[in-house]
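A quick write-up on the structure given underneath.
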Amino acid sequence: MLESVGVEPPDEEAYRAVLSAPGCEIQELAATLGRDELDVLETVGRLEKLGLLTATSDDPVRLIPTRPDVAVDALVAVRRAELDRVRAEARVLLSELSTQEQYRPENLVEVIVGQEAIAARFAQLLNGTRNQLLVLDRPPYAAQAEESDTTVRGLLGDGVVVHGIYSPDSLDIPGGVDEAYSAADAGETSRVHPQVPMKLAVFDAKIALLPLSVDQLVDSALVVHPCALLDALIEMFWLLWDQAVPVVPAAKADPTDARLMTLLAAGFKDDAIARQLALSSRTVGRRVAELMETLGARTRFQAGIQAQRRHLLED
106 MLESVGVEPP DEEAYRAVLS APGCEIQELA ATLGRDELDV LETVGRLEKL
156 GLLTATSDDP VRLIPTRPDV AVDALVAVRR AELDRVRAEA RVLLSELSTQ
206 EQYRPENLVE VIVGQEAIAA RFAQLLNGTR NQLLVLDRPP YAAQAEESDT
256 TVRGLLGDGV VVHGIYSPDS LDIPGGVDEA YSAADAGETS RVHPQVPMKL
306 AVFDAKIALL PLSVDQLVDS ALVVHPCALL DALIEMFWLL WDQAVPVVPA
356 AKADPTDARL MTLLAAGFKD DAIARQLALS SRTVGRRVAE LMETLGARTR
406 FQAGIQAQRR HLLED
């Protein structure tokens, strides 16, 4: 498990043994592992260097393990810093490439073929994001939603700014609204737009991933590197952002009315709103009529927009 952060399997085995018997001696550890004492002594030295345990000054020496969460967090931070240095060096290497080569079409756009390859590339780009993630969210999905959601929550915990624009179809799937609210609670700034034109993810404003088909789950996607196309995709995102309304309305609004107004502005019909709010269609129709009268709106969509303009819907 710890090999990805620089701990070799025999050393991890020793660390786990010390966790099970904190304060043990090197001789005892060697006996537990069935290994030579000199070999175990070298392992202990490496584990000390990695911060996974401490050898006391007692005679004989006793081994005190570092708490796994503290130790692994420190190792992850070190590995992340190393990867950041490699990434920075890669940028320097790119500058050594001739301008003509940098802007060759095959260096600006990658074509990824196969759903597994697309999902893997998406996960790779997510894991490499350090500052900002922009997402246009609409089904169908190539990656497992649970895995990508967990990764995004981790990014939020690391201070990455995440902006998401959901399509009505994204919110209409079972649990869609609850998931959007949960993401907002975790720190995501999210909005909903009635016409999200495509799926899109932009990572640190340096690279974008989008499918070749808008409405179907196909086996091909594009990875766009810095160029005019990437700039246009980012500009499109922010234009849609300005037109969209927040998924999570202002706290001053009644919780049920708040969701209702957001769903109205997103273009949901009564049946879909009723399903999301666990209300009857009749109740939704009556409440929509009351809101339209209160807001002086002639249409349902106008009611959602009026709610936004009156700051009933705010980030």
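106 is the number of the first residue of the sequence shown in this note's numbering; add one for each residue after it. All C-beta atoms, glycine included, are put in the ideal place defined by N, C-alpha and C.
Residue i (DSSP reduced to helix, strand or coil)
| i | result |
| --- | --- |
| Asp274 | helix |
| Arg185 | helix |
| Leu168 | strand |
| Thr422 | No answer is possible for residue 422: the residues shown for the chain start at 106 and end at 420. |
| Val328 | strand |
| Val216 | strand |
| Val350 | strand |
| Leu334 | helix |
| Gln205 | Unreliable placement is indicated for Gln205, whose pLDDT of 49 sits below 50; no coordinate value is reported for it. |
| Ser386 | helix |
| Met106 | coil |
| Gly111 | coil |
| Thr362 | Reading off the sequence, residue 362 comes out as Asp, not Thr. The answer is helix: DSSP assigns Asp362 an H, G or I state. |
| Gly128 | coil |
| Asp178 | helix |
| Gly150 | helix |
| Asp141 | coil |
First through last residue of the alpha helix (DSSP H) which encompasses residue i
| i | result |
| --- | --- |
| Phe441 | Since the displayed the chain opens at 106 and closes at 420, residue 441 lies outside it and no answer follows. |
| Ala136 | Ile131 to Leu138 |
Delimiting residues of the beta strand (DSSP E) encompassing residue i
| i | result |
| --- | --- |
| Ala122 | Here Ala122 belongs to no beta strand (DSSP E); instead the alpha helix (DSSP H) covers Pro114 to Ser125. |
| Leu382 | Run containing Leu382: none in the beta strand (DSSP E); it sits in the alpha helix (DSSP H), Asp375 to Leu382. |
| Leu314 | Ile312 to Pro316 |
Cutoff 7 Å; reference residue i; Cβ partners in own chain excluding five residues on either side
| i | result |
| --- | --- |
| Val110 | Val177, Leu180, Val181 and Arg184 |
| Arg235 | Val265 and Asp309 |
| Gln237 | Val265, Val266, Asp309 and Ala310 |
| Asp376 | Ser386 |
| Arg140 | none |
| Pro331 | Lys311 |
Residues near residue i in its chain [Cβ-Cβ closer than 8 Å; skip 5 each side]
| i | result |
| --- | --- |
| Val218 | Asp324 and Ser325 |
Other residues of its chain near residue i: CB distance less than 6 Å, five sequence neighbours each side excluded
| i | result |
| --- | --- |
| Ala291 | Arg258 and Leu261 |
| Ala135 | Glu142 and Val145 |
(request) At 3 residues or longer, and completely inside the segment 219-302: list those beta strand (DSSP E) runs for me, N to C. (result) Fully enclosed beta strand (DSSP E) runs of 3 or longer: 237-242, 266-271 and 294-297.
(message) Would you call the segment 270-281 in contact with the segment 293-302, where contact means no fewer than 3 C-beta pairs closer than 8 Å?
(response) yes
(message) Does the segment 158-176 come into contact with the segment 118-130, if we say contact requires no fewer than three beta-carbon pairs (one atom in each stretch) closer than 8 Å?
(response) yes
(message) With a threshold of 8 Å, are at least 3 pairs of Cβ atoms found where one atom belongs to the segment 146-160 and the other to the segment 110-122?
(response) yes
(message) Is it the case that the segment 338-351 contacts the segment 231-246, given that we only count it when at least three CB pairs across the two stretches are under 8 Å?
(response) yes
(request) Please confirm if the segment 276-291 is in contact with the segment 219-230, defined as three or more CB-CB distances below 8 Å between the two stretches. (result) no
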